[in-house]
Amino acid sequence: MHLDVVVQVLIQILLVIGLSRLVGLGFRRLNQPLVIGEIVAGIMLGPSLFGMIAPNVAAGLFPPETIPFLGVLSQIGLIFFMFLIGLELDPKYLKNGLNVAILVSHVSILVPFSLGTLASLLLYPLVSYNGVSFTAFALFLGAAMSITAFPVLARIITENNLQNSRLGALALTCAAVDDVTAWCLLALAIAVTRYNNMIAAIPTIFESIAYIAIMLTLGRWLLKQFAVMYDRTGKLTQTVLAIIYMVVVVSALVTELIGIHLIFGAFLVGVTMPKHPGSTRELAQKTEDFVLTFLLPVFFAYSGLRTQIGLLNRPILWGLCVIVVAVAIVGKYVGTYAAARVSGVEKREASALGWLMNTRGLTELIVLNIGLSLNVISPLLFTMLVIMALVTTFMTSPLLELIYPKQQIRQHQINQPEISKSDHYHVLVPIANPTTQRGLIELAMSIAIGNSSKPPNAIVTPLSLIQLDQDYVYESLPSEANRQIALTNEKLQELIQTLEPANYRHLVRSIVQVDRDVARATTQIAMRDQADLILVGWHRPAFHSNRLGGRVGEILTMAPVDVAVFVDRQSTKLGSLLLPYVPNIHTDLGLELALRLLINQEHTHLRILRVQPFSELSSEFNALLDRLPDRIRRRIELPIVEASSPIQAVIEASENADLTIAGASREWGIERQTLGRYTDELVTECRSALLITRRYSQVASHLTSMLEIADEKLV
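Here is the structure:
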């Protein structure tokens, strides 16, 4: 290979990886799988966009002599991606409702396959190559219509927290059965295509069956030794990893020599590999890093260079494209819905299942590239089917939300606490790390529950949201997500069991779930469960100089409930509270929370610091103080200080406080609307723990029930 070609290929790879990641992240913001954005990025680099608006530049960046090298890299990527799909296809997905799943999945293959075969009667004379038999063409089109992308579907299920619902379990089982059946169907189509008739393909079919039998018996026994070695060493060594990869390549070569395709050998190794929790996780993660970030984007670019939307240059061709998309959608949806309803699944779940099974994604692209490489489908039909793959995958998430809204998903989940608002005072506490945020939960308990002898009418909900930041296929599998949820929940329960008073621990009810957007999910859960207060811990944002930027700033801006941000100084005492006074609604919220602490904690004192020149108490503030019983008012001081720097005065006063409570206002360098425009000197310089309060509703009160309790204590 000439050095100039090497340089050109490296430049292409650089462009491909950068654009794929950029567009993929953009699609993530649209609540779409990253893979959809990566497919679109590949199409953008091809003749459909880049080649159309800048043909000379495109030809210079992607000259014909370099394309075969991208093809080789994409084939290597496909081999190892199919190995990952097989590795992550756990047999336990085939144990839940298998009878229903077999019926639903096979009908969901049979109906679109049949419709695809009928569509072949129309498409074959118009968009096929002359040398391709109708049988091969119909088999390939039927297989393309029948595919469901298990990895993409698994991620959608996980990110919508459906993995512990009836719908999620059924969808996973159906997709797993669908995967096995559809790949067998595709192998048949490839065998028939290579010999161009069914009779000549029979020896290949028998050879394939024999190789599958060998892999499921002798192969499984040999592969099991890797799990034994992992148990002995506790890790996958580079030597073991090299041997596994060699086995994948050898198996891929065997299936290619048999006459089906390289990808089936790799897929079969993944399926046959024993699903040892530790070794499977480590093998998947080590393999995915390179395959998903380097090799697969090259495959998308290679596919995009072969996708020519410009070929659809007549209304009749766009009409055919619409027919292809409609056949794929209707066939998959109707087949799934009808079979699910016959099996006793209720209408909403059957409909949602129909849209989930329409997910095609990358799996469809693999099938199409095989068909194009074998010349069984033309570039024109290839383009139509790529559009179909994008449309069917893109529509899954919004249609699922329309048919099966997130608030209804919770009703069908297992082991999720039911939080009934009624007249409970409810504090929602987002927890990033249960092992380091004990002080946050303790403060929430002090505000909501306290240590009174009378059982309080309050609930504290620690909320831990697990983000699947990395786009690992394995990490997004429901089984792996459930493992992470269980570990986090175990840590939370251990923490809850150490909280005091012990007799009120049952009022602390945790929620642990997966979500990619913590701020949005926190806001939605707060609205759904009618939280009175979101108490969030401060953390240093990675990309903001302001301490109230990042995720905390998003919650402050988005949440339609009152929010308090806690800056913990690792002190558990609440004996002395400091409230710097500025007449606004945010300070009023701070006062209400301070008074809850006073009522709940009998030995707590409050200093309301009035700093000149804005020291006059508002009438609402005075009215609230007047409602307090004498025993509470006696623990409140109202000193006045004159200072040229109000922030500095508060910082000095905080020296003698355990907790400073400040309303979000410009005077303290923290303001509700802009969040980052002003400095955050008070946050960084305060000598005590700090609670910043931001009020949303001027109507809601945090003290109504507490004043009744305070009055009862007087009697």
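Under the numbering used here, think of the first position of the sequence shown as 658, with each following residue one higher.
C-beta atoms are modelled at their ideal positions from N, C-alpha and C, and glycine is treated no differently.
All of these numbers come straight from a predicted model, not from anything done at the bench.
A Cβ-Cβ separation of about 7 angstroms places Pro1119 in contact with Val1165 under the 8 angstroms criterion. Taking 7 angstroms as the cut-off, the Cβ atoms of Thr1145 and Val1117 do not count as close. In the DSSP assignment, Gln1187 falls outside any beta strand (DSSP E) and carries neither an H nor an E.
Counting C-beta pairs closer than 8 angstroms gives three or more between the region 846-854 and the region 1020-1032, which meets the contact rule.
Runs of beta strand (DSSP E) with 3 or more residues, each lying fully within the region 1200-1247, are found at 1219-1224 and 1233-1238, listed in chain order. Rounded to whole angstroms, the separation of the alpha carbons of Thr1261 and Leu1234 is 7 angstroms. Arg851 carries a helical assignment under DSSP once its states are collapsed to helix, strand and coil. Glu1299: not part of any alpha helix (DSSP H); member of the beta strand (DSSP E) spanning Ile1297 to Glu1299, first to last residue. Pro1062 sits away from Thr1179, with the two beta carbons spaced by 7 angstroms or more.
For a cut-off of 8 angstroms, the C-beta gap from Val714 to Glu695 is around 22 angstroms, too long to register as a contact. By the C-beta criterion, the region 980-990 is judged not to be in contact with the region 732-744, since fewer than 3 inter-stretch pairs fall below 8 angstroms.
Following the DSSP letters along the chain, one finds Ser1276 inside the alpha helix (DSSP H) bounded by residues Ser1276 to Asp1283. Bounds of the beta strand (DSSP E) holding Pro1119 are Ala1115 to Ile1123. Ala758 sits away from Val809, with the two beta carbons spaced by 7 angstroms or more. Here Ile813 is buried. Its C-beta has 16 or more other C-beta atoms within 10 Å. Uninterrupted alpha helix (DSSP H) stretches at least 4 residues long and entirely within the region 978-1055 occur at 1004-1013, 1018-1030 and 1036-1051, given in chain order. Cβ contact annotation for Ile859 (same chain, cutoff 7 angstroms, sequence separation greater than five): none.
Within a 10 Å sphere around the beta-carbon of Val697 sit 16 or more other beta-carbons, which makes this residue buried. Here the region 1280-1292 makes no contact with the region 1217-1229; the two share fewer than three CB pairs at distances below 8 angstroms.
Counting only the Cα atoms, Phe956 lies some 31 angstroms from Ile871. Exclusion of the five residues before and after Ile804 leaves Ala839, Arg1017, Thr1020, Glu1021 and Val1024 as the residues of its chain whose Cβ lies within less than 7 angstroms of its Cβ.
Distance from the Cα of Ala899 is smallest, within the candidate group Lys943, Ser1133, Ile866 and Tyr868, for Lys943. Shortest Cα-Cα distance from Ile1242 to any of Glu1277, Arg998, Arg1253 and Met930 involves Glu1277.
Per the coordinates, the alpha-carbon of Leu672 lies some 15 angstroms from the alpha-carbon of Ala711. A direct Cα-Cα distance of roughly 6 angstroms separates Arg1292 from Leu1263. Within 10 angstroms of the beta-carbon of Asn821 lie 16 or more other beta-carbons, which makes it buried. With a contact defined as Cβ atoms closer than 8 angstroms, Ala1138 and Thr815 qualify at about 5 angstroms. About 6 angstroms separates the CB atoms of Ser1228 and Ala1346; that is less than 8 angstroms, so the two are in contact. Three or more beta-carbon pairs separated by less than 8 angstroms are not found between the region 1029-1045 and the region 998-1005, which leaves the two stretches without contact. Fewer than three beta-carbon pairs drawn from the region 764-776 and the region 1152-1166 are found closer than 8 angstroms, and the two stretches are therefore not classed as touching. Under the three-state reduction of DSSP output, Ser1133 falls in the coil class, being neither helix nor strand. Linking Arg1177 to Ile915 through their CA atoms gives a straight-line distance of about 51 angstroms.
DSSP places Leu1360 in the coil class of the three-state scheme, outside both helix and strand. Using a Cβ-Cβ distance cut-off of 8 angstroms, the region 936-951 and the region 962-981 are not in contact, since fewer than three pairs of beta carbons, one from each stretch, lie closer than that value.
For Gly703, the CB contacts under 6 angstroms within the same chain, skipping 5 residues up- and downstream, are Gly961, Leu962 and Thr964 in chain order.
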